[in-house]
Structure formats: structure tokens, C-alpha cells
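Asker: Next up is a structure, given as C-alpha cells.
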Amino acid sequence: MVLATTVGTGSAAQAAPALPSWQERPTGTTEQFRGLAAVNRYVGWVAGSGGTVLRTFDGGRHWEDVSPLGAEELEFRDIEAFGARHAVALTIGEGDASRVYVTRDGGRHWQESFVNDDPAAFYDCMTFFDERHGLAMSDPVDGRIRLIRTSDGGRSWRVADPAGMPDALPGEFGFAASGTCLVSSGPRDAWIATGGGERSRVFHTRDRGRTWSVTDTPVPSGPSAGIYALAFRGRRHGLAVGGDYTTPESAPDAFATTRDGGRSFELVGAGAPTEYRSGAAWLGARVAFAVGPTGSDVSVDGGRTWRTFDEGSLDGVQCTADRACWGSGPDGRVTILRDYP
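Residue numbers 15 to 355, in the working numbering, belong to the letters of the sequence shown in order.
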């Protein structure tokens with residue numbers, strides 16, 4: 015169902031373009047797809063529960079099941095793709111439930127390139143700076159967020175030196191909700207979002223994960239609350255969304271923006287949705303999307319004001335260079351919209 019709900023008031027909302035509308039792309043399954051890799055308006059990958067990975071060449075009209083053999087009991091929460099053939103997917107969980115798989119032939123064959131052997135680690139999210147260099151993050155181990163890194167496109171991984179990572183707060187962790195608690199922009203910058211502790215924070219690296227700084231944010235934090243997703247356009251402009259997944263219809267102060275690369279964050283305020291959101295994405299310099307279990311929102315003014323345009327449940331959203339945006343979520347739901355506005 016399409017809604018015409020406006021979040022916030024004023025001339026900016028009155029002058030806004032027509033609301034977008036998701037086009038449904040049935041997948042033929044009821045698995046939950048928290049992992050989404052939108053390559054362009056035609057090629058996309060989704061990964062989720064039941065060890066399921068699907069791929070499309072035609073904008074989601076047809077889907078191919080390319081799930082790794084033997085992964086049926088695992089839960090994919092992130093997938094990064096570099097075209098129709100090369101993809102890297104992350105499963106989450108305690109101990110050896112956290113794994114990384116890589117394919118270079120479109121999913122016909124998968125290599126299990128990393129299996130976590132530390133019972134204290136729990137991997138949440140993954141990002142790539144380019145087709146070769148990437149990072150995956152775990153919740154804190156020995157008091158610091160743990161990272162693994164690859165320089166060969168996901169075929170091998172090594173644990174990063176923790177010396178450059180600030181100490182974690184008691185109870186602090188990342189949320190494996192949509193694969194976007196760790197994101198990157200450009201060849202060297204990446205950001206990590208957390209919650210769970212006394213404060214929600216954002217970590218930032220300028221050197222591909224060797225050293226990090228950390229910033230407190232005004233987004234409320236708690237045992238199930240904090241920042242669930244980040245989206246950056248360039249090195250300076252970013253969006254943080256979240257809330258508390260246990261109270262999805264009530265998440266005040268869950269949207270924040272940065273204009274200085276994550277050194278400081280400001281709450282969006284009266285123009286923001288007040289419900290929990292697990293995914294966010296930019297489409298160009300002014301348009302942004304946020305999604306969650308209670309709906310989808312759009313901003314056309316750089317994140318200052320938002321309008322809700324769909325009440326269906328989604329976990330993640332991504333937009334591509336050729337102006338397509340994809341969403342994925344529970345019950346096999348995948349959506350797409352093109353050329354907005």
C-alpha cells in the first residue's frame with residue numbers, strides 16, 4: 015500500500031515531488047533477505063535466512079537460486095557484489111556460524127574463505143573499498159571491535175591488528191540488521207555504527223581500517239537500541255538511522271546526519287520519522303531512503319525532512335549509479351524503483 019504521510023511540515027514538504035512507489039519483484043521464497051547487493055538497475059543479489067542467495071540479471075523479474083551448498087543452517091546478513099559473477103557473502107552468529115563465502119562464477123561455485131574460530135567473536139557486517147580490499151567487523155573481543163581484512167577480493171582473510179581501534183564501551187556492539195553497520199566511501203574511508211552500550215557511537219577510519227577515531231552520537235542507545243545503519247555520499251555527508259527493534263513503532267531521535275565525515279552528528283529533529291529503521295541509502299546528493307519493518311521513507315532535501323511512502327516491511331535498501339534503488343526484507347520481499355524523482 016502506498017501512503018501519503020508527510021513527516022514534518024513547511025514549504026519544503028509542500029514543494030516536494032510526488033512520492034515514489036516500490037515495484038514488487040517476487041522471489042518465489044519466504045526467506046528473509048537482510049543482505050542486499052544492488053549492482054545496477056538490472057543486476058542484483060540478495061542473501062538471507064536458510065543459507066539462501068539469489069541473483070537476477072533483469073531487474074528482479076526472474077531470480078536464480080545460487081545458494082552455497084551446505085549453508086542451509088546458516089543466516090546470511092550481508093552480501094557485496096561487483097557484477098554478475100563476483101560476490102562475497104557473510105553469515106552471522108556465535109563461533110563458527112560467522113563465515114564468509116566468495117564466488118567468481120556467478121554462484122555456481124562458492125569458496126568458504128573464512129570460518130570464525132573464536133567463540134568470543136560475532137561478525138555483523140562487511141564492506142569493500144574496491145573489488146579487492148575489504149573489511150568485516152565483529153562485536154568487541156577483548157574490549158575492542160574486531161576486524162578481519164582481505165586484499166584479494168574475499169578469497170582470504172586475516173585478523174587486523176586491534177591497536178588502532180579505540181576501546182569499546184561496556185555492552186557495545188554492532189547490529190547485523192542489513193549489512194550496513196559497516197560502510198565505506200571512496201578508496202580509504204569507512205565507518206562503523208554501534209549501540210547496545212551507554213551511548214551510540216560511530217567509528218571512522220581514513221586508512222582502510224588501520225587506525226580509527228570514534229564519536230558519540232545523540233541517537234539513543236540501549237540493550238537493543240542504537241544506530242542500525244549508516245549511509246555516506248562522499249567522505250563528508252552521512253546519515254545514521256536506527257532505534258530499538260523491540261519497539262519498532264516508537265523510535266524518537268533515531269535519525270541523525272553528519273556533514274563533517276562523522277566527527278559530529280546532529281539529530282534530524284521534527285522532520286524525521288519516529289519509527290525504527292534498519293537500512294538507509296543515498297540516491298545522488300539530495301535524495302535519501304530509509305526502510306524498516308513498519309515502512310519506507312524518502313527525503314529530497316538531504317535528509318532534513320522525510321515522507322513515508324510505503325507501509326510494507328523491508329530490512330535493507332541500496333541505490334545504484336544508474337539511479338535504481340532496491341529494497342529487501344522478510345517473506346522473500348524484494349522491491350525496486352527507478353529514476354526517482
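Beta carbons: idealized from backbone N, C-alpha and C, even for Gly.
Smallest Cα separation from ALA239: which of THR225, ARG213, GLY248, LEU253?
Answerer: When only C-alpha atoms are compared, the closest one is ARG213.
Asker: I need the straight-line Cα distance from GLU78 to GLY185, nearest angstrom please.
Answerer: So the two alpha carbons sit approximately 40 Å from each other.
Asker: Can we count LEU196 as close to the ligand ATP, meaning its CB is less than 7 Å from some heavy atom?
Answerer: For the ligand ATP, the structure offers nothing, since it holds no ligand at all.
Asker: When the Cα atoms are used, what is the spatial distance from THR66 to PRO287?
Answerer: Looking at the two C-alpha atoms, the distance is approximately 31 Å.
Asker: Just grab the DSSP bridge partners of GLN125 for me.
Answerer: Beta-bridge pairing links GLN125 to VAL116.
Asker: Quick check: what's the CA-CA separation for ARG247 versus SER199?
Answerer: Cα-Cα distance, rounded: 7 Å.
Asker: Determine the closest residue to TYR242 out of GLY252, SER227, TYR259, PRO133, with distance taken between C-alpha atoms.
Answerer: The option with the nearest alpha carbon to TYR242 is TYR259.
Asker: Here's the rule I'm using: 16 or more other beta-carbon atoms within 10 Å means buried, otherwise exposed. How should ASP336 be labelled?
Answerer: Exposed: under 16 other Cβ atoms inside 10 Å.
Asker: Nearest-angstrom Cα distance between TRP171 and ALA134?
Answerer: So the two alpha carbons sit approximately 18 Å from each other.
Asker: So, GLY209 versus ARG250, is the Cβ gap smaller than 8 Å?
Answerer: Contact: no.
Asker: Alpha carbon to alpha carbon, how far is VAL114 from GLY74? Give it in angstroms, no decimals.
Answerer: Those two C-alpha atoms are separated by around 25 Å.
Asker: Using only the alpha-carbon positions, how far apart do ASN54 and LEU68 sit?
Answerer: Distance between the alpha carbons of ASN54 and LEU68: 15 Å.
Asker: Put GLY293 into one of helix, strand or coil per three-state DSSP.
Answerer: Strand, per DSSP.
Asker: Between ARG158 and the rest of its own chain, which residues show a CB-CB distance below 8 Å, the 5 nearest in sequence each way excluded?
Answerer: Correct list, in chain order: PRO176, MET179, PRO180, ASP181, ALA182.
Asker: Chain C beta carbons: is any one of them nearer than 8 Å to that of GLY326?
Answerer: In the structure shown, chain C cannot be found, because there is only a single protein chain.
Asker: Judging by CA-CA distance, which residue of TRP320, ALA295, TYR354 is the nearest neighbour of CYS333?
Answerer: The residue with the shortest Cα to Cα distance from CYS333 is ALA295.
Asker: Considering only DSSP beta bridges, list what MET140 is partnered with.
Answerer: Looking at the DSSP assignment, MET140 forms a beta bridge with ALA150.
Asker: Spatial neighbours of CYS195 within its chain, please: CB distance less than 8 Å, with the 5 preceding and 5 following residues excluded, ordered by chain position.
Answerer: Closer than 8 Å at the Cβ level, and outside the excluded window around CYS195, lie ASP138, CYS139, MET151, GLY188, PHE189, ILE206, ALA207, THR208, ILE241, TYR242, ALA243, LEU244.
Asker: By how many angstroms is the C-alpha of GLY97 removed from the C-alpha of GLY120?
Answerer: Their backbone Cα atoms lie some 9 Å apart in a straight line.
Asker: On the DSSP letters alone, give me the boundaries of the beta strand (DSSP E) that GLU94 sits inside.
Answerer: From DSSP, the beta strand (DSSP E) with GLU94 extends over 90-95.
Asker: Quick one: is ARG160 buried, meaning 16 or more other Cβ sit within 10 Å of its Cβ, or exposed?
Answerer: ARG160 is buried by the Cβ-count criterion.
Asker: Note the first and the last residue of the continuous beta strand (DSSP E) segment covering THR349.
Answerer: Taken as a continuous stretch (DSSP letters only), the beta strand (DSSP E) holding THR349 covers 348-352.
Asker: Look up ASP110 in the DSSP assignment and say whether it is helix, strand or coil.
Answerer: Helix at ASP110.
Asker: When the Cα atoms are used, what is the spatial distance from VAL155 to PHE136?
Answerer: Approximately 9 Å, taken between the alpha carbons.
Asker: Throw me the rounded Cβ distance for the ARG300 and GLY193 pair, which I believe falls under 8 Å.
Answerer: Not quite, the Cβ-Cβ distance comes to about 24 Å (not below 8 Å), so this is no contact.
Asker: So, is LEU88 buried or exposed, given that buried needs 16 or more other C-beta atoms within 10 angstroms?
Answerer: Its Cβ being crowded by 16 or more others within 10 Å, LEU88 is buried.
Asker: List, from N- to C-terminal side, the alpha helix (DSSP H) runs of 4 residues or more that fit wholly inside the stretch 173-244.
Answerer: Fully enclosed alpha helix (DSSP H) runs of 4 or longer: not present.
Asker: Measure the C-alpha to C-alpha separation of HIS76 and ARG118 and round it to an integer number of angstroms.
Answerer: If you take the alpha carbons of HIS76 and ARG118, they lie about 21 Å apart.
Asker: What does the alpha-carbon distance come out to for the pair GLY298 and SER81?
Answerer: Those two C-alpha atoms are separated by around 32 Å.
Asker: If you draw a straight line from the alpha carbon of ALA32 to that of ALA338, how long is it in whole angstroms?
Answerer: Going from the Cα of ALA32 to the Cα of ALA338 covers about 17 Å.
Asker: Relative to the alpha-carbon of ASP110, which residue among PHE128, THR70, VAL102 has its alpha-carbon at the smallest distance?
Answerer: It is PHE128.
Asker: Rounding to the nearest angstrom, what Cα-Cα distance links ARG291 and PRO262 in this structure?
Answerer: ARG291 and PRO262: Cα-Cα distance of roughly 8 Å.
Asker: Quick check on DSSP: helix, strand or coil for GLY64?
Answerer: Correct three-state label for GLY64: helix.
Asker: What first and last residue would you give for the beta strand (DSSP E) that runs through TRP340?
Answerer: Unbroken beta strand (DSSP E) run through TRP340: 338-342.
Asker: Determine the direct distance from the alpha carbon of GLU289 to that of GLY211, and round the result to whole angstroms.
Answerer: Going from the Cα of GLY211 to the Cα of GLU289 covers about 20 Å.
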